[in-house]
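See below for the structure under consideration.
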Amino acid sequence: MIETLKSEILQLLRDSGEPANNADSFTFTRLGEGRGFSSLLWNLQIGNRIYAVKITDTVSRVEEIAKMVSLKGEQKADFARLFGEQHNRELQVYEWLKYRGVHNIPQFYAGSKCHDGKPGIIIMESLADSESTLRSDEGLTLNTVLDIVYIICEYQAAYNFPDYATVDLIPKDLFFEMASPTYKKCVEKVAEKGWMREEWKSALLSWCELSELKRIQTTGEDGDPALTLAHCDLWANNLIFGRSKEGVVHLKSIIDWQCAAIGHALLDVSSVVGINMDGEERRKHEGTIISQYVEEITEKCAFTHVKSLFSIDLKQAQILYRRGLKFAAIQLSLTLGTHCKDETQERVLTGRLKAILEDIVE
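Residues 1 to 362, numbered by full-length UniProt numbering, are exactly what the sequence shown covers, in order.
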């Protein structure tokens, strides 16, 4: 597929100021077979320069998926629209993040939208050679989580800066409509394992309702801080890590912004902590993490003179964090119901989900 888009990719790179003139040296390979449901990722080399290219073909990709999961006419149309929206939303975010100069995001070079069946393209820096993956039984440490919280505060403060246009993201209504029944099926599948209490299952299913998905993520309530930019999908595959010689994991970049939304301030913090920290570690450190978030976002907002637009106190943060753990529980259920790689990962993620349910189901 990428070969048919060669001339467009080269032109996009040239327009962005990249020296992409040697078309004869254009080579590409698939990047990460485990990544890219709606879009396919490629490593592209032109001369001595290497890029990551994400291509969303709403026609061929939907046909491939239709063969795997038996999609029918209307379903295929919905998936094509969903994939196009997700690509175009991610392109919006990368363009805006580049404009605002947010760190620890892949360098964005250029891109094109999906429209009328035409594939969309996003060209970024390639991080494949320096990437380190987490083991199936490995959770994030407090220090790594605090590094991620720092970046969350950075893009939230950038979103609330009053002298720049905010990013007007494509709404996620279709995503919520299509995700709700999928989430419910995953909860039912996880419940079949036999460990889940009936009240936990009932709570999880209620959180998967369309109205509740929106309330948990993107609909503010009285007394809430202002909504802000949220990634909404901060599980380990969307966090690019490096690892020191001593084995210490550190954040290199946050990728895959296709599910981004204007949402609750603690949504991403709750996701990172709930999905990626083991239960006992989360319980031990979540107070420190929430306090650090409040301190960091307050400092950044004061520095950028946006305190009048966004402010949050510790009590508000604790309420939103607890609400956001519901979303983390849904995401864990989705992975356990569809994407588990092995028994070790299933055991670890089950433990994290069980710990969340123990803590937040009344």
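Don't be surprised by glycine CBs; every beta carbon is placed ideally from N, CA and C.
Treat the numbers as computed from the prediction; the structure is a model and nothing was measured.
Scanning its chain for C-beta atoms nearer than 7 angstroms, with the 5 sequence neighbours on each side dropped, one finds around ASP147 the residues HIS250 and LEU251, in chain order. In the structure shown, GLN86 adopts helical secondary structure according to DSSP, grouped into three states. Only buried fits HIS264, as 16 or more other CB atoms lie within 10 angstroms of its CB. Straight-line spacing of the CA atoms in GLY324 and PRO181 works out to 20 angstroms. Straight-line spacing of the CA atoms in GLN292 and LEU227 works out to 19 angstroms. For GLN11, the number of other beta carbons within 10 angstroms of its own is below 16, and it is reported as exposed. In this structure, the CA atom of ARG135 is about 13 angstroms from the CA atom of LEU239.
Going by beta carbons, TRP42 and VAL53 fall inside the 8 angstroms limit.
Inside the region 15-84, DSSP marks whole alpha helix (DSSP H) runs of 4 or more residues at positions 60-69, from first to last along the chain. Contact annotation, LEU320 with LEU353: C-beta distance approximately 20 angstroms; criterion of less than 8 angstroms not satisfied. The beta carbon of THR344 is closer than 6 angstroms to those of SER136 and ASP137 in its chain, skipping five residues each way along the sequence. According to the DSSP assignment, ARG283 belongs to the alpha helix (DSSP H) that extends over 279-303. Our two residues, GLU212 and ILE356, have alpha carbons roughly 18 angstroms apart in a direct line. A distance of 8 angstroms or more separates the beta carbons of LEU97 and TYR51. Between the alpha carbons of GLU64 and ARG30 lies a gap of roughly 16 angstroms.
If you check the CB distance, CYS153 and GLU296 come in under 8 angstroms. Setting aside the 5 residues that flank it on each side, ASN88 is surrounded in the same chain by LYS113, CYS114, GLY120 and ILE170, each with a C-beta closer than 7 angstroms to its C-beta; the list follows chain order. For LYS252, the enclosing beta strand (DSSP E) begins and ends at 249-254.
LEU140 has its alpha-carbon roughly 6 angstroms from the corresponding atom of ASN276. When secondary structure is reduced to three states using DSSP, ILE240 falls in the strand class.
In the three-state reduction of the DSSP assignment, ALA230 falls in the strand class. Here DSSP, grouped into helix, strand and coil, assigns PHE327 to helix.
Counted as a single uninterrupted DSSP element, the stretch harbouring GLY139 is not any alpha helix (DSSP H), since DSSP gives it neither H nor E. Excluding its 5 nearest sequence neighbours in each direction, PHE83 has C-beta neighbours in its own chain below 6 angstroms: SER38, THR56 and THR58, listed in chain order. If you look at GLU125, you'll find it isn't in any alpha helix (DSSP H); it sits in the beta strand (DSSP E) that goes 120-125. In this structure, LEU229 is the residue among LEU71, LEU229, GLN217 and PHE79 with its C-alpha nearest to the C-alpha of GLN92.
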